[in-house]
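To start, the structure itself, in structure tokens.
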């Protein structure tokens, strides 16, 4: 047990966790941006662009992310592109995530009432302004819970990067164990780190949800006016 | 009446969904300062007519011109709106993530690029006008239906439209809220706002309309000055009005 605590607070593990965190967050941010672009294309792009987006989603959801990761790591060098293992992992995870986020964002866009766009249109807002000021802010609220899910999923999927030698939390735990055979201690310490990150993500998403909730915003303004009290 | 400036003209427009004709040979002239009310039972094509006038729906034939310029939806894309034609909807369609003030200020700020302080001042004046000055910071969900609709009217007016289209503005409201919304509309009409109103409120129509269009089954049965229509001897119009006034 004392070993677990020792590993948990060791600089080796803390550095590895930092790397896992970076890998997760960077991949997720890029995945969200990619997913948003794909969703916008699918939502209102020209037909050929929509087909391309569909093909992309079909490809990246239809093959294992581990395959994609190994593919990027091994095939890019053959094409003369040599990147760090970490960068390869980010590319593969982000490309994969974009396919899933695209469907989540598309669902969010569909969840915004059509009347909202009609009202914005009649007020003279062009499609870009309508998206920016009316539709996307409402979409954000709708997609936040599933995106939180994806973020936590990404944290755990990021462990696959250990396969292409990214010194993340899992690889660090395994390497430490292979030197001293203390699998219980090292893997337990890694599990604790993962759980701490998951908890932080969960709380962060919840805080963001509250910030976007008009009900909470209204209460902060000190105007607790519900329909009943009016 | 004829000396007034013509603002909007629909010339024999027809609209069909798939193969069924929902609006046929609809013509209407809207002069500046006039209040036009479209009457008819549900499914008569009133709202479709209004949406075509708004440029929201494509028509299969005929033309709509606003101040002499063609104004029509094409290829399922609505005609580009500039805010010159305002619209008030049955379901209010306020932006739920924005406060009342933000709802009203959004378009003048983002579309016209007007100065923030000036826009807010004007929005406050408009809220005063619809009797909701105290609700500037509230979110739509905190308001009653009647209040939401009054905010929606203020939002449309913030773009200083030359014409406002009302699509059954009180159909989703309880009677007590209907009254407050109609009161605001009455005041605006008296001030000279040009409007086309789809409504089931016959008493309101009789009182405020300059011109009445009575529709049935996608066609105009009769249209003319309000007093003529209310005194109409046309059988179908008579039956509709008698029933509506009795109800």
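Chains as they are written, first to last, in full-length UniProt numbering: chain F, 1 to 230; chain E, 1 to 247. Heads up, the beta-carbon is just placed ideally off N, CA and C, and yes, glycines get one too.
(1) I'd like to know whether the C-beta of residue 139(F) is nearer than 8 Å to at least one C-beta of chain E.
(2) Does the region 209 to 225 of chain E come into contact with the region 24 to 34 of chain E, if we say contact requires no fewer than three beta-carbon pairs (one atom in each stretch) closer than 8 Å?
(3) Shorter than 8 Å from the beta carbon of residue 113(E) to some beta carbon of chain F?
(4) Determine the chain F residues that contact residue 86(E) at a beta-carbon separation under 9 Å, and present them in chain order.
(5) Which residues bound the alpha helix (DSSP H) around residue 17(E)?
(6) Once the 5 residues before and after residue 145(F) are set aside, which same chain residues still bring their CB inside 8 Å of it?
(7) If we cut at 8 Å on Cβ distances, does residue 115(F) have a partner in chain E?
(8) Is the region 14 to 27 of chain F close to the region 159 to 168 of chain F, with three or more CB pairs under 8 Å?
(9) Note down, in chain order, all residues in the region 94 to 127 of chain E with a beta-carbon under 7 Å from any beta-carbon belonging to chain F.
(10) Using 8 Å as the cut-off, can you tell me whether the region 107 to 115 of chain F makes contact with the region 89 to 96 of chain E, which would need three or more C-beta pairs spanning the two stretches below that distance?
(11) For residue 69(E), list the residues DSSP reports as bridge partners.
(12) For residue 168(E), which three-state DSSP category applies?
(13) Out of 18(E), 202(E) and 86(E), point me to the one whose CA is closest to residue 51(E)'s CA.
(14) Let me confirm a value: residue 69(E) is counted as buried when at least 16 other C-beta atoms fall within 10 Å, else exposed. Which label applies?
(15) Pick out the complete alpha helix (DSSP H) segments inside the region 149 to 203 of chain F, 4 residues or longer, and give them in chain order.
(16) Give me the subset of the region 2 to 24 of chain F whose CB atoms are less than 7 Å from a CB atom of chain E, sorted by chain position.
(17) Quick one: using the 10 Å Cβ neighbour count with 16 as the cut-off for buried, is residue 207(E) buried or exposed?
(18) Helix, strand or coil for residue 29(E), going by three-state DSSP, please let me know.
(19) Taking the runs of the alpha helix (DSSP H) that are 4 residues or longer, which of them lie wholly in the region 90 to 126 of chain F?
(20) I'd like the span of the alpha helix (DSSP H) that includes residue 27(F), first residue to last.
(21) Which residues in the same chain as residue 140(F) place their Cβ atom closer than 8 Å to its Cβ, once the five residues preceding and following it in sequence are excluded?
(22) Given a threshold of 16 other Cβ atoms within 10 Å of its Cβ, counted over all protein chains shown, does residue 71(E) qualify as buried or as exposed?
(23) Is there a C-beta anywhere in chain E that falls below 8 Å from the one on residue 147(F)?
(24) So which residues of chain E does residue 119(F) contact, with C-beta pairs closer than 7 Å?
(25) Look at the Cβ atom of residue 36(E), then the Cβ atom of residue 197(E), and state whether they are nearer than 8 Å.
(26) Which bits of chain C does residue 83(E) rub up against, with CB to CB less than 7 Å?
(27) Please classify residue 128(E) as buried or exposed, where buried requires at least 16 other C-beta atoms within 10 Å of its C-beta.
(28) Would you call the CB atoms of residue 236(E) and residue 223(E) closer than 8 Å?
(29) Given that a residue counts as buried once 16 or more other Cβ atoms are within 10 Å of its Cβ, and exposed if not, what is residue 225(E)?
(30) Relative to the C-alpha of residue 191(E), which residue among 139(E), 163(E) and 81(E) is closest?
(31) Distance cutoff 8 Å, beta carbons only. Does residue 54(E) sit that close to anything in chain F?
(32) Measuring alpha carbon to alpha carbon, tell me which residue in 48(F), 64(F), 215(F) and 58(F) is nearest residue 258(E).
(33) Measuring only between beta-carbons, confirm whether residue 134(F) sits less than 8 Å from chain E.
(34) Note down, in chain order, all residues in the region 132 to 145 of chain E with a beta-carbon under 7 Å from any beta-carbon belonging to chain F.
(35) Per the DSSP calculation, residue 222(E) is bridged to which residue(s)?
(36) Residues in the same chain with beta-carbon distance under 6 Å from residue 157(E), minus the five sequence neighbours each way, listed in chain order, please.
According to the structure data:
(1) It does not; no Cβ of chain E falls within 8 Å.
(2) As far as the Cβ criterion goes, the region 209 to 225 of chain E touches the region 24 to 34 of chain E, which means the pair count is three or higher.
(3) By the rule that beta-carbons nearer than 8 Å mark a contact, residue 113(E) does not touch chain F.
(4) Residues of chain F passing the Cβ test: 122 and 123.
(5) From DSSP, residue 17(E) is part of no alpha helix (DSSP H) but of the beta strand (DSSP E) over 6 to 17.
(6) Hits under 8 Å: 205 and 209.
(7) Yes, contact with chain E.
(8) The region 14 to 27 of chain F vs the region 159 to 168 of chain F: in contact.
(9) Listed by position along the chain: 95, 96, 97, 106, 107, 110 and 111.
(10) With the rule of 3 Cβ pairs closer than 8 Å, the region 107 to 115 of chain F counts as touching the region 89 to 96 of chain E.
(11) For residue 69(E), DSSP records a beta bridge to 66(E).
(12) Residue 168(E) falls in the coil class under three-state DSSP.
(13) Ranking 18(E), 202(E) and 86(E) by CA distance to the CA of residue 51(E) puts 86(E) first.
(14) That one is exposed.
(15) Complete alpha helix (DSSP H) runs here, min 4: 169 to 180.
(16) Here the close residues number zero.
(17) By the neighbour-count criterion, in which 16 or more other beta carbons inside 10 Å mark a residue as buried, residue 207(E) falls on the exposed side.
(18) Per DSSP, reduced to three states, the secondary structure at residue 29(E) is strand.
(19) Entirely contained in the region 90 to 126 of chain F, the alpha helix (DSSP H) runs reaching 4 residues are, in chain order, 114 to 122.
(20) Element bounds for residue 27(F): 11 to 44.
(21) Here residue 140(F) has 108 and 212 as same chain residues with Cβ atoms under 8 Å from its own Cβ, once five neighbours each way along the sequence are excluded.
(22) The residue in question, residue 71(E), is buried, as its Cβ has 16 or more Cβ neighbours within 10 Å.
(23) Not a single C-beta of chain E is nearer than 8 Å to the C-beta of residue 147(F).
(24) The answer, in chain order, is 89 and 93.
(25) In terms of Cβ geometry, residue 36(E) and residue 197(E) form a close pair [threshold 8 Å].
(26) Of the protein chains in this structure, namely F and E, none is chain C.
(27) So residue 128(E) ends up on the exposed side.
(28) In this structure, residue 223(E) does not lie closer than 8 Å to residue 236(E) by Cβ.
(29) Residue 225(E) counts as exposed, since fewer than 16 other beta carbons sit within 10 angstroms of its beta carbon.
(30) That would be 163(E), whose Cα lies nearest to the Cα of residue 191(E).
(31) At least one beta carbon of chain F lies nearer than 8 Å to the beta carbon of residue 54(E).
(32) Within the shown structure, residues of chain E are numbered from 1 to 247, placing residue 258(E) beyond reach of any answer.
(33) At least one chain E Cβ lies under 8 Å of residue 134(F).
(34) Result list: 137, 138, 139, 141, 142 and 144.
(35) 214(E).
(36) Closer than 6 Å at the Cβ level, and outside the excluded window around residue 157(E), lie 126.
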